[in-house]
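Read in numbering that gives the first Met the number 0, the sequence shown has 315 at position 316, and its numbers run on one by one without any break.
Think of the CB as a built atom: it goes at the ideal place given N, C-alpha and C, for glycine as much as any other residue.
The structure appears right after this line, and notes come after that.
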Amino acid sequence: MPDRTPPPSDCDLPLVDHPDAISPNWLTRVLQASGCDAEVSALRSSPVGTGQMADNYRLHIDYARRDAATPDTLVVKVPAGNETSRAAGAAGGYVTELRFYRDLAHQYAIRTPRCWYADINDDQDAFILVLEDLAPAEQGDQIRGCSVEEAELALRNLAGLHGSSWCDAQLDELGWLNRMTPEIAGYFSTILKPRTDEFIVRYESRLSKEDAEVLRTFASHASSWLVARPECFAVMHGDYRLDNLLFGTAEGGAPVAAVDWQTLSIAHPARDVAYFMGNAMSPELRRSCEEELVRAYHEELLGHGVGDYSFEQCFDDYRFGQFQGPLITVLGAMAVLQTDRGDEMFMAMSSRSCQAIRDLDCLSLL
């Protein structure tokens, strides 16, 4: 079983927001605050992952002294070097992810990296997370897609998050965790409409007319969709896709683990399921296994104690949740630095999610 110990609440350490600023003494104090008998003698870092709003580095650590609980490597997450992407994260994503790892991750039945340390400044534009290194697990690839087996692992993991927070009234006591209101939904709608127009113009040569029409139609209905079906809620990841998942390999690693918790909120959990399925594989493969995989998710929910929620209701909510795809794809693409890989990823996400919306006749539910 993974160590679900929350990070120490106060190490009285200076905030560093780049691995080059991490000294052996600083990391020694982090490890000792978590109970390790260790003394770091040297460390080096190397970039890892494909994050858009933040950067990740693997720390390779040398020790003058260590015990069996001390990790060989760690991963640190820090603000993006690009100012545009950093500003997007500072708008709330950085502090949300930090609070998830610090306050919630150890409570829920979803596999995530253990957090060894978390700190952020008052302006919320500089932070650091020191996380468990899940290697040799490998990051999923949003562009390539995944197998049916990987999708089932991901959905069963996701059901652990939803099932262990299902309709929990105490979630509203977490003032930092957003829950959609009509006012917030209206604000998102005023942002989404112009961003959708900009997205369509940017990718005009790569978007089909049918996909552009789906995007425009959803943007005009987003404010009502965002607050619909409020009777069912849970902690929602918000960006549960392959690039934010790590899969075990023949060499080891957890079967699957979720990272990148910057879009966490209280919302209808089926939006996570629909977003993942609508983006994770080709339309042909999705159609062949869609009901089977949603049943696996539903089965896992029941195993976590969720009652009075039929498969038929789950699948209808899954259809309704498909608009999480256009929402995150458009807002994400227009908020961060444009890159070649980012363009490929956002086009794969847009085309797959729009096709899922047509296949499942989701527009009729708006």
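Range covered by the beta strand (DSSP E) that runs through residue i
{"i": "Met-235", "result": "233-235"}
{"i": "Thr-286", "result": "First, the amino acid is wrong: residue 286 is Arg here, not Thr. Not the beta strand (DSSP E): Arg-286 falls in the alpha helix (DSSP H), residues 282-302."}
{"i": "Tyr-62", "result": "53-64"}
{"i": "Ile-265", "result": "264-266"}
{"i": "Leu-42", "result": "38-46"}
Boundaries (first-last residue) of the alpha helix (DSSP H) holding residue i
{"i": "Thr-328", "result": "323-334"}
{"i": "Glu-343", "result": "339-358"}
{"i": "Thr-83", "result": "82-87"}
{"i": "Thr-72", "result": "Taken as a continuous stretch (DSSP letters only), Thr-72 belongs to no alpha helix (DSSP H), being part of the beta strand (DSSP E) at 72-78."}
{"i": "Val-258", "result": "Unbroken run through Val-258: none, as it is neither H nor E."}
{"i": "Tyr-107", "result": "That residue, Tyr-107, is in no alpha helix (DSSP H); it is neither H nor E in DSSP."}
{"i": "Arg-28", "result": "23-32"}
{"i": "Arg-101", "result": "First-last for Arg-101: undefined, no H or E at that position."}
{"i": "Gly-277", "result": "269-279"}
{"i": "Gln-312", "result": "310-319"}
Closest Cα partner of residue i within the set the options
{"i": "Ile-327", "options": "Glu-137, Val-47, Met-346, Gln-312", "result": "Met-346"}
{"i": "Gln-337", "options": "Glu-82, Thr-4, Leu-42", "result": "Glu-82"}
{"i": "Glu-151", "options": "Arg-357, His-303, Met-276", "result": "Met-276"}
{"i": "Glu-289", "options": "Leu-214, Leu-300, Tyr-274", "result": "Tyr-274"}
{"i": "Lys-192", "options": "Cys-114, Ser-219, Gln-261", "result": "Ser-219"}
{"i": "Asp-339", "options": "Thr-72, Asp-121, Ile-142, Asn-120", "result": "Ile-142"}
{"i": "Cys-114", "options": "Ser-352, Glu-212, Leu-133", "result": "Leu-133"}
{"i": "Pro-7", "options": "Val-129, Thr-95, Arg-85, Val-94", "result": "Val-129"}
{"i": "Ala-20", "options": "Leu-42, Ser-33, Met-280", "result": "Leu-42"}
{"i": "Glu-343", "options": "Phe-310, Asp-358, Gly-144, Ala-249", "result": "Gly-144"}
{"i": "Ala-355", "options": "Ala-117, Pro-46, Gln-321", "result": "Gln-321"}
{"i": "Asn-258", "options": "Glu-250, Gly-139, Lys-208", "result": "One point to set straight first is that residue 258 is Val, not Asn, in the sequence displayed. Comparing Cα-Cα distances from Val-258 to each of Glu-250, Gly-139, Lys-208, the minimum goes to Gly-139."}
{"i": "Glu-311", "options": "Asn-120, Met-280, Glu-291, Gly-302", "result": "Glu-291"}
{"i": "Phe-99", "options": "Ala-153, Trp-175, Leu-301, Thr-72", "result": "Trp-175"}
{"i": "Val-75", "options": "Ala-87, Asp-118, Ala-269", "result": "Asp-118"}
{"i": "Gly-91", "options": "Asn-120, Leu-103, Thr-72, Leu-206", "result": "Asn-120"}
{"i": "Met-280", "options": "Met-348, Leu-244, Arg-270, Val-94", "result": "Met-348"}
{"i": "Asp-315", "options": "Pro-325, Ser-146, Ala-87, Ala-269", "result": "Ala-269"}
{"i": "Arg-101", "options": "Leu-173, Glu-137, Phe-246", "result": "Leu-173"}
{"i": "Asp-358", "options": "Leu-284, Leu-245, Asp-54, Leu-300", "result": "Leu-284"}
{"i": "Ser-287", "options": "Ser-146, Asn-243, Tyr-93", "result": "Ser-146"}
{"i": "Arg-228", "options": "Val-94, Thr-180, His-303", "result": "Thr-180"}
Residues of its chain near residue i, where Cβ-Cβ distance is below 6 Å and the 5 sequence neighbours each way are ignored
{"i": "Phe-319", "result": "Leu-364"}
{"i": "Asp-360", "result": "none"}
{"i": "Pro-5", "result": "His-105"}
{"i": "Ala-89", "result": "Gln-123, Asp-124"}
{"i": "Val-272", "result": "Tyr-296, Tyr-317"}
{"i": "Cys-353", "result": "Asp-210, Val-213"}
{"i": "Cys-378", "result": "Residue coverage of the chain in this structure runs from 0 to 365, which leaves residue 378 outside it and unanswerable."}
{"i": "Glu-96", "result": "Trp-260, Gln-261"}
{"i": "Val-329", "result": "Arg-194, Thr-195, Phe-198"}
{"i": "Tyr-116", "result": "Pro-6, Val-29, Val-129"}
{"i": "Phe-217", "result": "Phe-322, Pro-325"}
{"i": "Glu-299", "result": "Arg-155, Ala-158"}
Other residues of its chain near residue i: CB distance less than 7 Å, five sequence neighbours each side excluded
{"i": "Phe-232", "result": "Cys-166, Ile-265, Ala-266, His-267"}
{"i": "Leu-305", "result": "According to the sequence provided, residue 305 is Val. The question's Leu does not apply to it. Same-chain partners within the cutoff: Gly-162, Trp-165."}
{"i": "Asp-16", "result": "Val-77, Pro-78, Ala-125, Phe-126, Ile-127"}
{"i": "Ser-40", "result": "Pro-23, Asp-61, Tyr-62, Ala-63"}
{"i": "Ser-350", "result": "Asp-210"}
{"i": "Arg-215", "result": "Thr-195"}
{"i": "Glu-197", "result": "Met-333"}
{"i": "Ser-44", "result": "Pro-18, Tyr-56, Arg-57, Leu-58"}
{"i": "Ser-84", "result": "Gln-51, Met-52, Val-335, Leu-336"}
{"i": "Pro-135", "result": "Thr-248, Glu-250, Gly-251, Gly-252"}
Residues of its chain near residue i, where Cβ-Cβ distance is below 8 Å and the 5 sequence neighbours each way are ignored
{"i": "Ala-37", "result": "Thr-27, Leu-30, Gln-31, Tyr-62, Arg-64, Arg-65, Asp-66, Thr-69"}
{"i": "Trp-25", "result": "Leu-12, Pro-13, Val-15"}
{"i": "Asp-171", "result": "Arg-178, Ile-265"}
{"i": "Gly-331", "result": "Gln-51, Asp-238, Phe-345"}
{"i": "Thr-72", "result": "Arg-57, Leu-58, His-59, Ile-60, Asp-132, Ala-134"}
{"i": "Gly-80", "result": "Asp-54"}
Contact test: residue i Cβ vs the ligand PLP heavy atom, cutoff 8 Å
{"i": "Ser-287", "result": "This structure lacks the ligand PLP, and indeed carries no ligand of any kind."}
Discussion item. With three or more beta-carbon pairs closer than 8 Å as the criterion, would you say the stretch 171-185 touches the stretch 216-227?
Written reply: A contact is defined here as three or more CB-CB pairs under 8 Å, and the stretch 171-185 meets this definition with respect to the stretch 216-227.
Item to complete: For the stretch 116-158, list the beta strand (DSSP E) runs that are entirely contained and at least 3 residues long, ordered along the chain.
Response: The stretch 116-158 contains these whole beta strand (DSSP E) runs: 126-131.
Discussion item. Does the stretch 149-164 come into contact with the stretch 109-120, if we say contact requires no fewer than three beta-carbon pairs (one atom in each stretch) closer than 8 Å?
Written reply: Enough Cβ pairs lie closer than 8 Å, so yes.
Practice prompt. Flag this pair as touching only if the stretch 232-249 and the stretch 189-209 have three or more C-beta atom pairs under 8 Å; answer yes or no.
Written response: By the Cβ criterion, the stretch 232-249 is not in contact with the stretch 189-209, since fewer than three pairs of Cβ atoms, one from each stretch, lie closer than 8 Å.
Worksheet item: What are the start and end residues of each continuous alpha helix (DSSP H) run of 4 or more residues lying completely inside the stretch 178-254, in chain order?
Response: Within the stretch 178-254, the complete alpha helix (DSSP H) runs of at least 4 residues are 181-201, 208-225.
Worksheet item: How about the stretch 241-257 and the stretch 290-304: do they share at least three Cβ pairs that are nearer than 8 Å?
Response: At 8 Å Cβ cutoff, the stretches do not touch.
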